[in-house]
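Colleague:
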Amino acid sequence: MTLRLHNTLTGAKEAFEPLEKGHVRMYTCGPTIWNYAHVGNLRSFLFYDLVRRHLRVSGYRVTHVMNLTDIDDRILDQAMHAGMSIGEYTKPYATAFFEDMAALRAERADHYPRATEHIPEMVEMIATLLERGNAYAADGDVYFRIASFPGYGALSHLDRAGLRAGARVATDKYDKENVSDFALWKKAQPEDEKIGAAWDAPFGRGRPGWHIECSAMSKRYLGDTLDIHAGGVDLMFPHHENEIAQSEAANHQQFARVWLHSEHLFDATGEKMSKSAGGFTTLRDLVEAGHDPLAIRFFLIANAHYRSRLRLSSEALHAAAEQVRRLREFFDRVERTPSAASDDEGLEQKTAAVRAAYREALDDDLNLPQGIGVVFDLIREANAALDSDQVGPRNKASLLGLIDDVDAHLDVVRAEEPGLAEEVERLIGERESARRARDFARSDQIRDDLRRRGIALEDSKAGVRWRRVAPTGAERS
RNA sequence: GGCGACGUAGCCAAGUGGUAAGGCAGAGGUCUGCAAAACCUCCAUCCCCAGUUCGAUUCUGGGCGUCGCCUCCA
Numbered sequence: 008m009t010l011r012l013h014n015t016l017t018g019a020k021e022a023f024e025p026l027e028k029g030h031v032r033m034y035t036c037g038p039t040i041w042n043y044a045h046v047g048n049l050r051s052f053l054f055y056d057l058v059r060r061h062l063r064v065s066g067y068r069v070t071h072v073m074n075l076t077d078i079d080d081r082i083l084d085q086a087m088h089a090g091m092s093i094g095e096y097t098k099p100y101a102t103a104f105f106e107d108m109a110a111l112r113a114e115r116a117d118h119y120p121r122a123t124e125h126i127p128e129m130v131e132m133i134a135t136l137l138e139r140g141n142a143y144a145a146d147g148d149v150y151f152r153i154a155s156f157p158g159y160g161a162l163s164h165l166d167r168a169g170l171r172a173g174a175r176v177a178t179d180k181y182d183k184e185n186v187s188d189f190a191l192w193k194k195a196q197p198e199d200e201k202i203g204a205a206w207d208a209p210f211g212r213g214r215p216g217w218h219i220e221c222s223a224m225s226k227r228y229l230g231d232t233l234d235i236h237a238g239g240v241d242l243m244f245p246h247h248e249n250e251i252a253q254s255e256a257a258n259h260q261q262f263a264r265v266w267l268h269s270e271h272l273f274d275a276t277g278e279k280m281s282k283s284a285g286g287f288t289t290l291r292d293l294v295e296a297g298h299d300p301l302a303i304r305f306f307l308i309a310n311a312h313y314r315s316r317l318r319l320s321s322e323a324l325h326a327a328a329e330q331v332r333r334l335r336e337f338f339d340r341v342e343r344t345p346s347a348a349s350d351d352e353g354l355e356q357k358t359a360a361v362r363a364a365y366r367e368a369l370d371d372d373l374n375l376p377q378g379i380g381v382v383f384d385l386i387r388e389a390n391a392a393l394d395s396d397q398v399g400p401r402n403k404a405s406l407l408g409l410i411d412d413v414d415a416h417l418d419v420v421r422a423e424e425p426g427l428a429e430e431v432e433r434l435i436g437e438r439e440s441a442r443r444a445r446d447f448a449r450s451d452q453i454r455d456d457l458r459r460r461g462i463a464l465e466d467s468k469a470g471v472r473w474r475r476v477a478p479t480g481a482e483r484s
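So in our numbering, spot 137 of the first sequence is number 144, and the numbers just go up one at a time.
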C-alpha cells in the first residue's frame, strides 16, 4: 500500500508522490514567538513531526522548513511596552520553543528561517508583485490586489461574495481597493524605529506583512513548488490562501501540491485553545502539574487522528501516560526475557499481520490512533505468551521489530532513561537482604522511600526492576 | 447571514453496508510476604425520526445538539 494523504486543496485522499523522486520538500507554519507556545500550537508542530517521520518510514528524504515569525503586531506591541527591541523581546520565546520541541522529542527541521532575517527576499517578491500589477502601493503601505488573482479562495472554498459578506466594516480605515486585499508591506511608524522593526525598501521604509514571509522563505529554501505545506486549520484562511495568491502570482508556478491541515486542540471546557481568547495551557504548565512530556507527546499525536478535534483533559492525559508506560514496559520485557526453545507460529503470524496493519493505518492518511489500537491488541497476546514462556528467538526479533516500527513515529519507547543510579542499586541490594531476612518493614520502607522520589520497584522471578515514575505527591491537574 | 465539521460505552477513541479495534476508569479472579507488573473474565447495538437495502452505526433526507472558519490565531 502506498501513502495516501488528505489534501485540503482537493478535499480528498490522494496517493502521495513528490515532484522529485525520493525527495520531499515540506514547509510548515511555525510559531509566532511573542509568547510561549500553548499545547494547541504544539499539537500542530508534533503533527508536522509525525508527517516527516512517516515520510521517512516511507523511504523519502525530507527537506523540512519551519518558519519562526519574529515580527508581527503582537510582538511590536509587547516589545514597545517592555521597552526593548523586537529581537530582545522574542529571544527567550524562541529559546523556549526549541526547548519545548526537544522535550516533546520532535525531530529538528532542516531550516528554521526567521522573518526578520529574510527581509530582502520578501522585498524582492513584493517588488515583483508590484511590477506585475498584483500589488499596489497606498500611502506607504503595499497591498495584494485580490482582484488580480482569480483563483483566490480555492483552498478554503470561500468565494469572494462570501468574503465580502463576512468582512467587518472596521477594516476600512486603510486605503484599500477592496476590503479583502491584504498587506504585503506596512509603512514604518515612528515607534517602529525604536524597536528595530523597520527596513528600507524601494517602495518605502517599513515592515513586512505577515503572509509574505512564508511565500518568500519557502521559495528561498525549497523553490517555487512545495510537495507539502502544512499548518493548523485556522491558518487555512486567510493565511494559506494569501500565500497561494502571493506565490503563484509572483512565480507563475503551483505553490503547494498537497495541503495538510491539523485540527484544533480544545481545553477541558470544550473551548478552542487560543492565545487571544485568554486561557491557554503551555507545556510548562502541564509538566509542573506532574505530567510526563512523553505522555503529552503521545496524547497529542496518538490520542486522536490529526483531522479530528482533540480535547485536553487530565483523564485523557493520564490514559496516554498509561499507554506509554505499557509500551515501554512491554519493550523492556521482550528485550530482557530469555528466548524460549522454540517459536510460537501463531504469534509469529499475528505479529507479521499487525506490523502490516500498523503500516497500512499510517499509510492511510496517518491514522496513528488506529495503528496503535492493533498494536495494543498484539501486546496483550504477546504478554500472555511471555507469561507462559512461549516466545522464541524469531518471535522476539519480530516483536522488537514491531516496537521499532511503532517507535519510528511515537519515539517514546526507546527514549533514553537515565543510567542506573548507584544509590538505587545499593538500596535495592539492601532491600533484598532485608527481604531474605524477612524484615518486611525495612523492605517496604526502602521501596516507599524510592517511590516518593519517583522510582518504582517491581519484584519478579527474574529479580528486582526499577523504573522512573511520577513522584508520589505530584498531583495531576 | 455564508461555508464547514462533529455527535460511537463513565471518559478518550478507531472503524466497516452484514450483527462494534484499542486505551483509561470500574468490578471480580490468577500470581505475589505485601505490592507492582502481566494475564483471564465482565462492562455499548453506535443522538432522534423517516427512507434506500435482504440487511445501516456505516448511504440519503429531515430534526435536535455541540463546535469551527468567515477577524489576530497552530
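Heads up, the beta-carbon is just placed ideally off N, CA and C, and yes, glycines get one too.
1. Pairing CB atoms from the region 287-300 with CB atoms from the region 33-48, are three or more of them under 8 Å?
2. Rounded to whole angstroms, what is the Cα-Cα separation between ILE126 and ASN402?
3. Can you tell me where the alpha helix (DSSP H) with VAL382 in it begins and where it stops?
4. So, using beta-carbon positions, are ARG212 and ALA237 closer together than 8 Å?
5. Return helix, strand or coil for LEU12, following the three-state DSSP convention.
6. Go to ASN226, then tell me how far its beta strand (DSSP E) extends in each direction, as first and last residue.
7. With H, G and I counted as helix, E and B as strand and the rest as coil, what does DSSP make of VAL176?
8. Over the uninterrupted alpha helix (DSSP H) stretch that includes MET129, give me the two end residues.
9. Within the region 260-319, note down every full beta strand (DSSP E) run reaching 3 residues or more, in order along the chain.
10. Quick one: is HIS259 buried, meaning 16 or more other Cβ sit within 10 Å of its Cβ, or exposed?
11. What separation, rounded to the nearest whole angstrom, lies between the Cα atoms of ALA190 and ALA389?
12. Give the C-beta separation of LEU489 and LEU385 to the nearest angstrom, bearing in mind that I take them to be a contact with Cβ-Cβ under 8 Å.
13. If you drop the 5 nearest sequence neighbours on each side, which residues of the same chain put their C-beta closer than 6 Å to that of VAL331?
14. State buried or exposed for PRO197, treating a residue as buried only when at least 16 other CB atoms are found within 10 Å of its CB.
15. Which class does ARG171 belong to by DSSP, given the choice of helix, strand or coil?
16. Once the 5 residues before and after ASP56 are set aside, which same chain residues still bring their CB inside 7 Å of it?
17. Report all residues from its chain with a CB closer than 8 Å to the CB of ALA22; omit the five preceding and five following residues, and keep chain order.
18. DSSP has TRP473 in a bridge; who is on the other side?
19. Helix or strand or just coil, what does DSSP make of PHE52?
20. Out of GLY408, ASN74 and LYS183, state which residue places its alpha-carbon closest to the alpha-carbon of VAL149.
21. Should the region 262-272 be regarded as contacting the region 235-249, the criterion being three or more beta carbon pairs within less than 8 Å?
22. Hey, which unbroken runs of the beta strand (DSSP E) at 3 residues or more fall wholly within the region 63-135?
23. Any contact of the region 128-139 with the region 200-210, i.e. 3+ C-beta pairs under 8 Å?
24. Which residues in the same chain as PRO25 place their Cβ atom closer than 6 Å to its Cβ, once the five residues preceding and following it in sequence are excluded?
25. Exposed or buried, what is GLU27 when buried is set at 16 or more other beta-carbons lying within 10 Å of its beta-carbon?
26. Can you say whether GLY90 is buried or exposed, counting buried as having 16 or more other CB atoms within 10 angstroms of its CB?
27. With DSSP collapsed to three states, give me the class of THR232.
28. Going by beta carbon distance, what residues of the same chain come within less than 7 Å of GLN85, once the five residues before and after it are set aside?
29. Residue ranges of each alpha helix (DSSP H) run of no fewer than 4 residues wholly in the region 325-370, ordered along the chain?
Modeller: On the basis of the coordinates in this document:
1. yes
2. 57 Å
3. 375-394
4. no
5. strand
6. Sequence inspection shows Lys at residue 226; the Asn mentioned does not correspond to that position. First-last for LYS226: 219-229, but that is the alpha helix (DSSP H), not the beta strand (DSSP E).
7. Low confidence applies to VAL176: its pLDDT is 39, below 50, so where it sits in the model is not reliable, and the reading given next is rough at best. VAL176: helix per DSSP, three-state reduction.
8. 126-138
9. 263-269
10. exposed
11. 59 Å
12. Lying before the first or after the last residue shown, residue 489 is absent from the chain, which here runs from 8 to 484.
13. LEU301, ALA302, PHE305 and VAL419
14. exposed
15. Low confidence applies to ARG171: its pLDDT is 49, below 50, so where it sits in the model is not reliable, and the reading given next is rough at best. Reduced to three states, the DSSP call for ARG171 is helix.
16. ALA113 and GLU114
17. THR9, LEU10 and ARG11
18. LEU464
19. helix
20. LYS183
21. yes
22. 68-73
23. yes
24. VAL31 and ASP234
25. exposed
26. exposed
27. coil
28. TRP41 and TYR96
29. 352-370
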